[in-house]
Amino acid sequence: MKQLLVFVKKEFKQVFRDPRTLLIMFGLPIAQIVLFGFALTSEVKNIDILISDHSKDVVTTEIVSKIKATNYFIVHEKTMGDQEIEKTFKGGKIQCILIFPDGFNNELIHQGKSEVQIIADGTDPNTAKTMINYLTTILNEYQLQKFPSSALRYQIRTEPRMLFNEEDNGSMNYIPGVMALILMLVCTALTSVSIVKEKELGTMEILLVSPFRPVMVLVAKAVPYFILSLVNFTIILLLSVFLLHIDVRGSLLLLYAESALFILTCLSLGLLISNSTNAQQTALLISMMGMMLPTIIFTGFIFPLENMPWILRTVSNIVPSKWYFIIVKAVMLKGLGFRFVWKETLILIFMTVVLLSVALKKFKIRLQ
Amino acid sequence: MPEASILVRDLSKTYDKGSVLAVDKVSFEVKPGELFGLIGADGAGKSTIFRILTTVLLADSGTAHMAGFDVVRDYRKIRNLVGYMPGKFSLYQDLTVRENLEFFATVFGTTIDANMDLIKDIYDQIKPFSGRRAGKLSGGMKQKLALCCALIHKPAVLLLDEPTTGVDVVSRKEFWEMLKKLKAQGITIIVSTPYMDEAKLCERIALIQNGRIMSVDTPVNIIKSYPGKLFAAKSNDIYKLLKDFRAHPEIESCYAFGDYIHITLKDPSSSGLEVLNRIAMENNHSNVQIKEIKPGIEDSFILLMSQQKDLVQLTTTK
Numbered sequence: 001m002k003q004l005l006v007f008v009k010k011e012f013k014q015v016f017r018d019p020r021t022l023l024i025m026f027g028l029p030i031a032q033i034v035l036f037g038f039a040l041t042s043e044v045k046n047i048d049i050l051i052s053d054h055s056k057d058v059v060t061t062e063i064v065s066k067i068k069a070t071n072y073f074i075v076h077e078k079t080m081g082d083q084e085i086e087k088t089f090k091g092g093k094i095q096c097i098l099i100f101p102d103g104f105n106n107e108l109i110h111q112g113k114s115e116v117q118i119i120a121d122g123t124d125p126n127t128a129k130t131m132i133n134y135l136t137t138i139l140n141e142y143q144l145q146k147f148p149s150s151a152l153r154y155q156i157r158t159e160p161r162m163l164f165n166e167e168d169n170g171s172m173n174y175i176p177g178v179m180a181l182i183l184m185l186v187c188t189a190l191t192s193v194s195i196v197k198e199k200e201l202g203t204m205e206i207l208l209v210s211p212f213r214p215v216m217v218l219v220a221k222a223v224p225y226f227i228l229s230l231v232n233f234t235i236i237l238l239l240s241v242f243l244l245h246i247d248v249r250g251s252l253l254l255l256y257a258e259s260a261l262f263i264l265t266c267l268s269l270g271l272l273i274s275n276s277t278n279a280q281q282t283a284l285l286i287s288m289m290g291m292m293l294p295t296i297i298f299t300g301f302i303f304p305l306e307n308m309p310w311i312l313r314t315v316s317n318i319v320p321s322k323w324y325f326i327i328v329k330a331v332m333l334k335g336l337g338f339r340f341v342w343k344e345t346l347i348l349i350f351m352t353v354v355l356l357s358v359a360l361k362k363f364k365i366r367l368q
Numbered sequence: 001m002p003e004a005s006i007l008v009r010d011l012s013k014t015y016d017k018g019s020v021l022a023v024d025k026v027s028f029e030v031k032p033g034e035l036f037g038l039i040g041a042d043g044a045g046k047s048t049i050f051r052i053l054t055t056v057l058l059a060d061s062g063t064a065h066m067a068g069f070d071v072v073r074d075y076r077k078i079r080n081l082v083g084y085m086p087g088k089f090s091l092y093q094d095l096t097v098r099e100n101l102e103f104f105a106t107v108f109g110t111t112i113d114a115n116m117d118l119i120k121d122i123y124d125q126i127k128p129f130s131g132r133r134a135g136k137l138s139g140g141m142k143q144k145l146a147l148c149c150a151l152i153h154k155p156a157v158l159l160l161d162e163p164t165t166g167v168d169v170v171s172r173k174e175f176w177e178m179l180k181k182l183k184a185q186g187i188t189i190i191v192s193t194p195y196m197d198e199a200k201l202c203e204r205i206a207l208i209q210n211g212r213i214m215s216v217d218t219p220v221n222i223i224k225s226y227p228g229k230l231f232a233a234k235s236n237d238i239y240k241l242l243k244d245f246r247a248h249p250e251i252e253s254c255y256a257f258g259d260y261i262h263i264t265l266k267d268p269s270s271s272g273l274e275v276l277n278r279i280a281m282e283n284n285h286s287n288v289q290i291k292e293i294k295p296g297i298e299d300s301f302i303l304l305m306s307q308q309k310d311l312v313q314l315t316t317t318k
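Quick mapping for you: the protein sequence lines, in order, are chains A and B. Under the working numbering, read the first sequence as residues 1 to 368, first letter to last. Under the working numbering, read the second sequence as residues 1 to 318, first letter to last.
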């Protein structure tokens with residue numbers, strides 16, 4: 001027991017003396033959270049819109065000022081003919097054009113209806129749809145406000161609400177995903193490198209020729225990285241709450257317990273990699289490069305898993321971060337209890353047991 | 001301290017699925033408390049033998065026992081009683097001298113203070129650097145630290161794989177002084193080295209080449225068993241002298257050795273000095289010095305090596 005304690009202490013010393021490990025451990029998570037939280041949001045803002053107003057009456061002026069009042073659009077005004085439309089889009093700056101025809105207000109008052117044209121750059125369909133949605137909403141609101149009586153007697157009005165994310169905070173979906181991604185990569189990479197390092201530097205040979213039980217090397221390696229990963233998780237959580245304003249709705253204890261379980265899964269994977277390789281480079285390559293892409297794709301926080309063909313969906317089932325992502329979303333964002341995530345928890349436990357037993361089986365009490 | 005002997009029988013080991021033969025039917029015995037040397041060039045198979053003895057590598061065939069324990073079956077017992085210093089510096093470079101010692105002491109279930117008497121002489125020399133990281137030590141200091149770590153648990157057997165390679169002459173001398181002191185404490189020591197001058201410092205040595213042991217005996221006996229006479233020669237153009245001797249039919253072997261050329265003759269009854277002087281004269285050498293000398297351990301080694309080469313050629317041509 002005392003041997004294990006000294007081993008763990010040694011491990012901590014080595015981590016804190018190695019700037020590269022520290023950078024991966026704490027620099028990477030902070031960079032990722034900030035990057036995903038701020039830069040990579042799915043919200044559409046600052047759209048360059050061109051308004052071609054052929055009518056220039058009271059109503060169109062009011063609508064334009066309403067569009068200007070939102071922070072979604074940067075309004076450019078220029079009255080132009082149809083033939084200029086394509087040229088404008090080809091210029092690349094304008095993403096959307098709103099055209100009021102001549103006599104817009106007149107028609108509205110005398111015929112009871114009037115038409116307005118929205119043309120969006122369809123090369124990015126998601127952004128185009130979002131822009132059209134914004135504009136339609138603004139026009140509808142204006143109409144209701146201006147002519148409440150003119151509304152039809154029978155009408156279905158939609159009242160959409162984004163539950164759990166009323167402000168349409170784009171970071172919300174990313175944070176659990178980034179948490180899963182960071183823990184998975186950092187945890188696995190550092191653990192895998194730490195054992196291979198002993199092999200590469202030859203210290204493993206000395207450790208083997210000692211009364212220290214070889215399996216205890218695995219334990220001694222896992223303990224420090226488990227603790228460090230929990231610290232890491234806390235940093236991510238604090239950043240999410242205070243920097244990106246995401247509330248933890250569910251039980252913090254449950255969130256920590258589930259995260260600890262997920263960290264164990266990643267540690268087991270890291271131990272397995274380190275027991276199967278002989279060079280730090282290989283271990284790092286497998287755990288960082290080899291796992292980065294599958295984790296990003298199959299966790300489901302960037303590309304919805306539901307849209308994938310069945311074969312890819314099946315593959316996603318063996319990626320631990322997918323299950324952790326589901327758990328974190330449920331507990332952190334929706335505030336659900338253990339009752340709702342027991343299935344995913346069980347899957348993670350199962351994965352950990354399998355990975356750990358294979359890692360132990362692959363651990364060699366001799367060289368080669 | 002328990003006295004521990006080592007017994008190796010017909011040990012063979014191949015690498016790369018049998019394509020590279022590293023150790024070829026090696027047998028030797030080390031008596032309890034003996035200082036035993038494995039002498040051979042790089043790649044002779046010394047490190048492989050060490051790794052089999054320290055239980056971290058499995059032999060293809062043959063048996064080995066350390067202090068009565070089988071290296072395969074009783075590996076755990078052996079791991080408790082040996083001290084091992086691998087050929088490559090294998091301590092934690094990012095830990096300090098003191099931290100390395102403390103770590104290995106604890107791993108071996110002991111403390112630095114409990115065994116201070118054993119390592120004191122060595123430790124005193126690295127003590128001024130105890131706060132320095134192991135990676136920043138000089139070669140000699142690293143070896144001393146590694147030896148301390150290997151000794152920290154009072155092992156019954158000490159295995160040192162090329163402990164003096166890459167170490168300066170003074171440190172090498174000090175190192176061997178220490179080994180003698182350790183031997184006096186009753187520790188059985190096997191040490192490997194590519195340096196012939198260190199062979200004389202062992203009680204008994206095994207000369208090893210291409211995975212085979214050519215001879216096991218005391219250094220004195222190995223030199224004594226040198227057949228025939230050995231001559232040393234020197235002239236103004238030593239390279240031409242070497243070539244001329246080699247080309248002559250009466251010369252058996254001829255090789256450069258420091259400032260001199262060492263020569264043996266095919267006919268042991270002939271007067272060697274006369275023959276050699278005649279050859280030198282015929283080839284117009286000036287300032288020729290030729291004398292008969294006592295063979296050293298290197299000469300024995302070179303002779304054994306050439307005999308083994310002949311043997312290999314003989315078996316392959318058959």
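Virtual Cβ for every residue (Gly too), placed ideally from N, Cα, C.
For the segment 204–279 of chain A, the continuous alpha helix (DSSP H) assignments of 4+ residues that do not extend past its boundaries occur at 214–242, 252–276, in sequence order.
For Met66 (chain B), the pairing in a beta bridge is given by DSSP as B:Ile6, B:Phe69. In this structure Ala64 (chain B) does not touch Ala4 (chain B) by the C-beta definition: roughly 13 angstroms separates them, more than the 8 angstroms allowed. For Glu205 (chain A), at least one C-beta of chain B is nearer than 8 angstroms to its own C-beta. Put simply, of A:Leu238, A:Ala69, A:Leu135, A:Ser192 the residue whose alpha carbon is nearest the alpha carbon of Thr277 (chain A) is A:Ser192. For Phe38 (chain A), the closest Cβ of chain B is not nearer than 8 angstroms.
When Cβ-Cβ separations below 8 angstroms define contact, Tyr84 (chain B) makes contact with chain A. Under DSSP, Met85 (chain B) shares a beta bridge with B:Leu160.
Against chain A, the beta carbon of Arg79 (chain B) has neighbours under 8 angstroms at Leu208, Val209, Ser210, Pro211, listed in chain order. A check of alpha carbon separations from Ala44 (chain B) across B:Val157, B:Pro194, B:Val30 identifies B:Pro194 as the nearest.
Close to chain A, meaning a Cβ-Cβ distance shorter than 9 angstroms, are the following residues of the segment 107–131 of chain B: Val107, Phe108, Gly109. For Thr264 (chain B), the enclosing beta strand (DSSP E) covers residues 260–265. Distance from the Cα of Arg339 (chain A) is smallest, within the candidate group A:Ile302, A:Ser251, A:Glu306, for A:Ser251. Under the Cβ criterion (8 angstroms, minimum of three pairs), the segment 79–91 of chain B counts as touching the segment 150–157 of chain B. Comparing alpha-carbon positions, the option among B:Phe108, B:Lys142, B:Gly135 lying closest to Arg79 (chain B) turns out to be B:Phe108. In the structure shown, the three-state DSSP call for Thr54 (chain B) is coil. Scanning chain B for C-beta atoms nearer than 8 angstroms to the C-beta of Gln14 (chain A) yields Tyr92, Asp94, Leu95, reported in chain order.
The shortest C-alpha to C-alpha distance from Thr21 (chain A) to any of A:Met216, A:Lys90, A:Asn232 is the one to A:Asn232. Given a length threshold of 3 residues, each whole run of the beta strand (DSSP E) inside the segment 177–216 of chain B is given here in chain order: 188–193, 204–209. The DSSP-derived three-state label of Gly139 (chain B) is helix.
B:Ala59 is the residue among B:Lys46, B:Asp42, B:Ala59 whose C-alpha sits nearest the C-alpha of Gly18 (chain B). Measuring C-alpha to C-alpha distances from Glu298 (chain B) to each of B:Ala206, B:Ile279, B:Lys266 identifies B:Ala206 as the nearest.
The secondary-structure analysis by DSSP pairs Glu292 (chain B) across a beta bridge with B:Phe231.
Two segments are said to touch when three or more pairs of C-beta atoms, one from each, lie closer than 8 angstroms; by this definition the segment 240–259 of chain A does not touch the segment 307–317 of chain A. With fewer than three CB-CB distances shorter than 8 angstroms, the segment 328–338 of chain A does not count as touching the segment 194–201 of chain A.
Contact between Leu101 (chain B) and Ile112 (chain B) holds, with the beta-carbon distance rounding to 6 angstroms and staying under 8 angstroms. For Arg51 (chain B), the nearest beta carbon of chain A is closer than 8 angstroms to its own beta carbon. Here His153 (chain B) is buried, its C-beta having at least 16 other C-beta atoms within 10 Å. Gly140 (chain B) places its beta carbon 8 angstroms or farther from that of Ser90 (chain B).
At a cut-off of 8 angstroms between beta-carbon atoms, Leu201 (chain A) makes contact with chain B. As the crow flies, the alpha-carbon of Val288 (chain B) is around 26 angstroms from that of Tyr226 (chain B). Judged by DSSP in its simplified three-state form, Arg79 (chain B) adopts helix.
For Gly91 (chain A), the enclosing alpha helix (DSSP H) covers residues 83–91. Going by beta carbons, Ile47 (chain A) and Gln117 (chain A) fall outside the 8 angstroms limit. Residue state for Asp121 (chain B) is assigned as helix, using DSSP reduced to three classes.
Around the beta carbon of His245 (chain A), a 10 Å sphere encloses fewer than 16 other beta carbons of the protein chains shown; the residue is thus reported as exposed.
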